[in-house]
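J.:
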Amino acid sequence: MLFLLLGPSGIGKGTQINLLRERHPDFVFPKSITTRAMRPGESEGNPYHFISDEEFDRHIEHHNFLEWAEVHKAARYGTLRKPIEDALSAGKSIIKELDIQGLINIQDTIEKSGHEMIKKNLRSIFIMPPNEETLIKRITQRSMIKEAELKARLDSAKKEIDQAHLCDVIIETTEDDSIEEVYKKLEAIIAKS
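Residue numbers (this note's numbering): 1374 to 1566.
1) Whole-angstrom Cβ separation of Ile1433 and His1422, contact assumed at under 8 Å?
2) Are the region 1386–1402 and the region 1411–1419 touching, with three or more C-beta to C-beta distances below 8 Å?
3) Can you tell me the Cα-Cα spacing of Glu1484 and Ile1477, whole angstroms?
4) Enumerated in chain order, which unbroken segments of the beta strand (DSSP E) with a length of 3 residues or greater are wholly contained in the region 1442–1474?
5) Are the CB atoms of Thr1482 and Glu1440 nearer to each other than 8 Å?
6) Can you give the Cα-Cα distance for Glu1443 and Gly1451, rounded to whole angstroms?
7) Answer yes or no: do Gly1383 and Ile1500 have a C-beta to C-beta separation smaller than 8 Å?
8) Consult DSSP for Asn1419 and reduce its assignment to one of helix, strand or coil.
9) If I follow the unbroken alpha helix (DSSP H) through Met1490, where does it start and stop?
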């Protein structure tokens, strides 16, 4: 199965993926590719595969992407289809963090191209915050952010939450849920699929 993990910024998707990676070393966690420049502390494959605009264009031309997008009118990011198809063929579970726009792009690609293997093995999971106050607390406790950035993240979160119904499963969280409690909900969904 290909499990897409979605939810607004600050909900803990990265933390949940790290727990899945630790506890399920047999799962596949495909890396996105990007045209943006490498930042200090990053390296090829960590956290992305860094490629040129020309290479990215070739992938588009050859229909190699499951989804791709331009982010902040600066760089492009994408998920290659072949590594996912290879992992599905090998009977592996695949975990990929994505946003709602990425999910919509994947659904469009599947509809247009008829990637039946991916279509029948796709499960999208949205982690829903309990309320806006809790989300603000989670966003601001990770780092000091400016008011404008907080507003932008909350605006984005509201758009994502409004489209959560596009996902197959929604994990409802409470203010009191620990990271482990959310993980147990997520793992139960994966185990049932």
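Cβ atoms here follow ideal geometry from the backbone N, Cα and C, with glycine treated the same way.
Bear in mind that the values here come from a model prediction, so they are computed numbers and not experimental data.
T.: Judging by the given coordinates:
1) Sequence index remark: in the sequence shown, residue 1433 carries index 60 (1-based). Sequence index remark: in the sequence shown, residue 1422 carries index 49 (1-based). In fact, because the Cβ distance is near 15 Å, the residues do not count as touching under 8 Å.
2) no
3) Counted from its first residue, the sequence shown places residue 1484 at position 111. Counted from its first residue, the sequence shown places residue 1477 at position 104. Roughly 11 Å separates the two Cα atoms.
4) 1448–1453, 1467–1470
5) In the sequence shown, the residue the question calls residue 1482 occupies position 109. In the sequence shown, the residue the question calls residue 1440 occupies position 67. Their beta carbons are under 8 Å apart, which means Thr1482 touches Glu1440 by this criterion.
6) Within the sequence shown, the letter at position 70 stands for residue 1443. Within the sequence shown, the letter at position 78 stands for residue 1451. One C-alpha to the other measures close to 9 Å.
7) In the sequence shown, the residue the question calls residue 1383 occupies position 10. In the sequence shown, the residue the question calls residue 1500 occupies position 127. Not closer than 8 Å, so no.
8) For the purposes of this step, residue 1419 is identified with residue 46 of the sequence shown, where counting begins at 1. Residue state, collapsed to three classes: strand.
9) Mapped onto the sequence shown, residue 1490 falls at position 117. Note, Met1490: alpha helix (DSSP H), 1489–1493.
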